[in-house]
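Trainee:
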Amino acid sequence: MQKCDVLVIGGGPAGASLAYYLAKKNLRVVLAEKKKYIDRPVRCAEFVPANITGLFDFKISGINNQVRILETYCASSKKEKFRLFAQTAAPGFILDRDIFVNDIVSKYENLGGKLLKCKKAVAAKHDSGYFIVALRKSFSQNYSYIKTRIIAGADGPLSFTGKLISVGENAGACSTACSTNTAFMYAIQQNPAILPNQPYCHRVFFCPLYSMRVWVDFPQD
1390 MQKCDVLVIG GGPAGASLAY YLAKKNLRVV LAEKKKYIDR PVRCAEFVPA NITGLFDFKI
1450 SGINNQVRIL ETYCASSKKE KFRLFAQTAA PGFILDRDIF VNDIVSKYEN LGGKLLKCKK
1510 AVAAKHDSGY FIVALRKSFS QNYSYIKTRI IAGADGPLSF TGKLISVGEN AGACSTACST
1570 NTAFMYAIQQ NPAILPNQPY CHRVFFCPLY SMRVWVDFPQ D
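Per my numbering, the sequence shown starts with residue 1390, numbered consecutively.
1) Counting C-beta neighbours from all protein chains within 10 Å, is the total for G1481 16 or more, i.e. buried, or is it exposed?
2) If I follow the unbroken beta strand (DSSP E) through Y1519, where does it start and stop?
3) Taking the C-alpha atoms as reference points, what is the distance between F1447 and D1487?
4) If you reduce the DSSP assignment to three classes, tell me which class S1533 lands in.
5) Can you tell me where the beta strand (DSSP E) with I1340 in it begins and where it stops?
6) Report yes if the CB atom of K1392 is closer than 7 Å to the CB atom of K1506, and no otherwise.
7) Taking 7 Å as the cut-off, decide whether the C-beta atoms of V1397 and I1539 are in contact.
8) Smallest Cα separation from Y1534: which of V1419, G1399, A1408 and F1474?
9) Cα-Cα, which of E1422, K1414 and L1416 is closest to V1494?
10) Can you tell me whether DSSP reads N1454 as helix, strand or coil?
11) If you run the structure through DSSP and keep just helix, strand and coil, what is P1546?
12) Taking the CB atoms as reference points, tell me whether D1428 and G1401 lie closer together than 7 Å.
13) Could you check how far apart the C-beta atoms of R1525 and K1509 are, in whole angstroms? I think they sit under 8 Å.
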C-alpha cells in the first residue's frame, strides 16, 4: 500500500497546481487522475484573467491569445435567440489547457511528485488518523490503495471528495461519488478574428441545460 501526506484527486488546473506547490514544500504527494490523458477532453472555458501569471513562480505555458473584452450572450430557452447580456472589461488570456496543465504536472513530477493516471477514487475509510482510499483502474476491476493523511478534492462537479465530506466519518466508506449539483450551463465560446483598431474580444453564449456542460471552441479563422 502506497503512503503519502496528501492525495490530490483530479489532475485539472486546480489539482495540478495544488500538487505542484505541496511538492515544493517537501510533502509526499500523490496526484490521482481518472483519465489516461490529463485534462482532455477540455470541459471548461479557457479564458483566464491576466493575474493568473501571479499565481505561479514560473512562466506558464499554453497562452494562445490575449483578451481585453468579455461579451456574454444569454437565452432563456433553446428556442429564444441569444441576446447580448453584458460587455465587460476582462484583461486576460485564452489558454490551451492541455499544454498549460501538462506543463504544471511535468514540473510537479520533476519535484518528485507521484502521478497515477487512469485511477478513479471510489471508496475511502478513516483509520487511526489516516484515510485509506481505494482507486479503481479505468475500464477494469483492478484496485490499488493509498494511505494518506489528507485528501484534497479537485475532481469537478461530480465530486468523490465532496461526497466524502458531506457524509462525514460516520458513514465509514463512500462507494459512489455524486455532488448535489443538478443544473449546469450549456455554453459556446467564440474567439473572433481581430479587426483593425478593435480590442481582443472573447464571446460566451449561455442557455440552461440540465445534467450536462459542454464547451465548443471555434478556431479564429
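Every residue, glycine too, gets a C-beta built ideally from N, C-alpha and C.
Mentor: Result, derived from the coordinates:
1) buried
2) That run of the beta strand (DSSP E) goes Y1519 to K1526.
3) 17 Å
4) In the structure shown, S1533 sits in a strand (DSSP, three-state: E or B).
5) The chain is shown only over 1390 to 1610; residue 1340 falls outside these bounds and no answer can be derived.
6) no
7) no
8) V1419
9) Here the closest residue by C-alpha is E1422.
10) DSSP places N1454 in strand when its eight states are reduced to three.
11) Looking at P1546 - three-state DSSP - the assignment turns out to be coil, as it is neither helix nor strand.
12) yes
13) Your pair R1525 and K1509 checks out as a contact, with CB atoms roughly 5 Å apart and the cut at 8 Å.
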